[in-house]
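Heads up, the sequence shown is in the working numbering, so the first residue is 2 and it goes up one at a time. For reference, the structure discussed in these notes is given below.
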Amino acid sequence: MEVSPPIGIYHRVKRAHTGSRMNKKPSRPGFPATANGLLAGGLLLGGLLLGGWAAGTPASAAAPEATASPWIKTEQTSIRLISALGGTGTEKTIRLGLHFKLKKGWKIYWRNPGDAGFPPRLDWKQSENLGAVDFAWPAPSRFEVLGFQTMGYKKEVVFPISVRLKQPGRPLKLRAALDYLTCDDICIPYQTNLALDLAPGAGEPTRHFQLINKFANLVPGDGAKHGLSIERIETAGPVRQVDKDIRKGFVRVLASSQVPFQKPDIFIEGPELAFFAAPEVRLSDGGKKATLKVPVTLEEDSTIEQAKLRLTLIDGNRSAERALNVGRGPAAAPSGGQLPISLPLILALAVIGGLILNLMPCVLPVISLKVLSFAAHGGAEKRVIRKSFAASSLGIVFSFMVIAAGLAGLKAAGTAVGWGIQFQHPWFIVGLTVIVTLFAYNLWGLFELRLPSLVGDLAGGGGTKADHQSFGGNFATGAFATVLATPCSAPFLGTAVGFALAGRTVDIFLIFAALGLGMALPFILIALAPGLASRLPKPGNWMIRMKQVLGLALAATAVWLLSVLAVQLGLEAALIVGALMVVIGALLVGRERGRALSRRLATVGLIAVILAAFAAPYQYAPVHAQLAASKSAAHWRAFDPEAIPRLVAEGKTVFVDITAEWCITCQVNKAAVLNRGQVFELLSSDKVVAMQGDWTRPDPKITAYLKSFGRFGIPFNAVYGPGMENGLVLPELLTAGFVLDGLAKASANALATTRK
């Protein structure tokens, strides 16, 4: 038996990318137009001449074997067909193997060969008693030559083949015409024929059984036997137009392993003109979670949005395969239905979001304090006013940078991060309650709040003692406003934070600096124009009344914080901390009005009570996460992300609300939109399945769900249905119009007629 001479050189080349493509038979041989491509084309042309000599060499055949075809040999490869069974017996299905051995440096190709080449192809038309044929592909390796990436096999590979007999128990006559391409520095295509006859004898395992089984175990399955799981694929950032017909972007694949990953790789197959390159891999959770960021090139009108892709995950000898629809990452589906956005636009949105934070209810008490300070400067020198508001601005921006550093560190350590997650921890709630309470007592005149002189020295760097304390106090006011802002969300804030936490470390710092700049903008404007202070009334009795009102606002904030603690640890723990706050007030009165000894005892008592406030809650076990909706309306059901696809498949519309007791914006959304009017009627009806998740305490399931949308904070609302199987994300601040429109789109307009 001889190998036919070369039928031509196949080298498929794409434009301006090094991705991979779905297997497609080339219409004609072609040579690349790029510089690398010209060099590769020259090598291939040389291969045509050398290949003609090599392919024409007679093949040597070993002695006939009943369960294997003779070896077909060339200078580069040895090929045969082998059987796992010695006869057809009574089996309906028989496992075969297409066995390749390759000389050093030579390779053949996977079903999706990549930038060049084509996979082995078999034509069984001349066979007898042969029904369906299932050809399996062991997990491939990635190769790179001259900037081109290909996928295939070296040294030895067996392709497992399952064949179904038309007539079990009858002889099986196999005749296969094989086309394949083998490459090293040159590429040589071959055509040859393979023949194997299996008699109707007993179907006992042959000596090839183990070899076929070995490579069958390398065929990617669902990953369960290898402890691998492909969890999600989503867009990662905007798609950029780089040429007339070429766009570039990224997709992100999330995968997990029961044991730490060693060197994971991912191969993606999708639409014909979508090409995927080698991934950038980041491991977390002790190496058991992998994020693979894959460059994608889209040609002409191709798109991957909502497309179903075939993913093959490789890690050494372990593999997994799964078909998934592409989800929407943070830049692909920002809140409010905005278009994919770039970093400069994200920075602009971050400034706007930070500015809007000044109007959020959680920040207003502290902003009011600043307004009061502004009024107190009515007759002050412009230098003092400028210094005061510049200090507050610095306090805000510095605090945002501290938050950014903390989040970047947690992210690098593989810990789940998000906006406002510190409010999930009772120790933070207690600490903030103590600070807010002390500010309230200070406004009511129970004591004079002074910062240590060291803080003043560090903040002011010179000048009078009064100036030191003024600068340090105003710096602390800005920092305090930032801390209170973290449980709030605002328009554009979720998009900016999501983009930051899904990106690089430098993105986190840039975007959080922009958020700080936005929130500090009113203070910066006053620092630049201190003459605005003259527009306010002169200091007088009205300021005393204002202090009392602001003290009440801060006391209300403390009560709200205690209500959050009650949800986390129970009502008794919250009442104990509240009682200790009252004791602090009594001790402050005694400290201010008592004698020297009494003042010292009051100071010791204050320290003891504050320590007790931190320790007391931990005498109580955390309250099990309850459905937050139980306190609002009975129509909510427990958050169950695994049930959403099933409900949508049944044709139902699902509304998801992720909330928390510490999230002020969440409470505003409930009171103003979700628990009133037509929205409440729809969510309570059997037309919509309303799910609510409570993130008051840490919940890994909710964290993972938010992250799947590129979101790291709440409120979060999404609508699913026949018209939006992957979910439609709503803006942070809801209106009845947003919710009703979302329900109409998700239900494929089935609910559109219900809107009044």
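The C-beta atom is built at its ideal place from N, Cα and C for all residues, glycine as well.
Those residues which DSSP pairs with Gly115 across a bridge: Thr151
Terminal residues of the alpha helix (DSSP H) in which Gln307 lies: Where Gln307 is concerned, there is no enclosing alpha helix (DSSP H), given that its DSSP letter is neither H nor E.
Residue burial classification, His227 (beta-carbon count within 10 angstroms, cutoff 16): buried
Residues of its chain near Ile83, where Cβ-Cβ distance is below 6 Å and the 5 sequence neighbours each way are ignored: Ala69, Gly98, His100 and His209
Exposure of Glu593, with buried meaning 16 or more beta-carbon neighbours within 10 Å: By the C-beta density criterion, Glu593 is exposed, having fewer than 16 other C-beta atoms within 10 angstroms.
Residue(s) in a DSSP beta bridge with His100: Arg81 and Val159
Pair within 7 Å by beta-carbon distance, Lys108 and Cys184: Annotated as proximal: Lys108 and Cys184, with beta-carbon spacing under 7 Å.
The region 215 to 234 contacting the region 312 to 330, beta-carbon criterion three pairs below 8 Å: yes
Exposure label - Lys249; buried when at least 16 CB within 10 Å: The residue in question, Lys249, is buried, as its Cβ has 16 or more Cβ neighbours within 10 Å.
Cβ-based burial, Lys74 [other Cβ within 10 Å; buried from 16]: buried
Cβ contact (3+ pairs, closer than 8 Å) linking the region 546 to 553 and the region 652 to 666: no
Helix, strand or coil at Cys184 according to DSSP, with G and I counted as helix: Per DSSP, reduced to three states, the secondary structure at Cys184 is strand.
Selected residue, minimal CA-CA separation from Gly287, among Ser142, Leu274 and Phe262: Taking only the C-alpha atoms, the option nearest Gly287 is Phe262.
Residues sharing a beta bridge with Ser394, DSSP: Per DSSP, none; premise fails for Ser394.
Spatial neighbours of Thr151 in its chain, beta-carbon cut-off 7 Å, leaving aside the 5 residues before and after: The answer, listed in chain order, is Tyr110, Pro114, Gly115, Asp116, Ala117, Gly118 and Phe144.
Candidates Phe476, Glu382, Gly407 and Arg600: closest to Ser394 by CA position: Phe476
Nearest-angstrom Cβ-Cβ length linking Glu300 and Ile247, presumed shorter than 8 Å: 6 Å
Rounded straight-line distance, which links the Cα of Gly271 to that of Ala62: Residue confidence for Ala62 is low, a pLDDT of 44 falling below 50, so the modelled location carries little weight; the figure read from the coordinates is stated next. One C-alpha to the other measures close to 40 Å.
Reference Val437; option with closest CA among Ile585, Met520, Leu255 and Ile404: Ile585
Distance CB(Leu173)-CB(Leu199) smaller than 7 Å: yes
CB of Ala351 within 7 Å of CB of Leu516, strictly: yes
Candidates Asp124, Met547, Gly148 and Pro161, of which the one nearest Asp135 by Cα: Out of Asp124, Met547, Gly148 and Pro161, Pro161 has the C-alpha closest to the C-alpha of Asp135.
8 Å Cβ shell around Glu92 - same chain, five flanking residues per side excluded: For Glu92, where only same-chain residues beyond five positions count, the Cβ hits under 8 Å are Leu86, Leu166, Pro169 and Gly204.
Thr704 (DSSP reduced to helix, strand or coil): helix
Local Cβ density within 10 Å of Thr94, reported as buried at 16 or more and exposed below that: exposed
Inter-residue Cα distance where the pair is Ala559 and Thr434: The alpha-carbon atoms of Ala559 and Thr434 are separated by roughly 5 Å.
Touching by the beta-carbon criterion (3+ pairs, under 8 Å), the region 673 to 683 and the region 696 to 711: no
One or two residues paired with Gln1 in a DSSP bridge: What is shown of the chain runs 2 to 757, which leaves residue 1 out entirely.
Reduced DSSP secondary structure (H/G/I, E/B, other) of Ser709: helix
Inter-residue spacing [alpha-carbon to alpha-carbon] between Ala177 and Gln127: C-alpha separation (whole angstroms): 7 Å.
Cβ-based neighbour list, Asn718, same chain, cut-off 6 Å, excluding 5 preceding and 5 following: Asp658 and Leu731
Asp508 versus Ala409 - alpha carbon distance: 10 Å
Whole runs of the beta strand (DSSP E) within the region 648 to 682, excluding any shorter than 3 residues: 654 to 660
Separation of Ala406 from Ala609, as counted between CA atoms: 32 Å
First and last residue of the uninterrupted beta strand (DSSP E) at Ile234: Leu229 to Thr236
Of the listed residues Gly106, Pro523 and Asn326, nearest to Ala1 (C-alpha basis): Because the chain in this structure spans residues 2 to 757, residue 1 falls outside the shown range and cannot be described.
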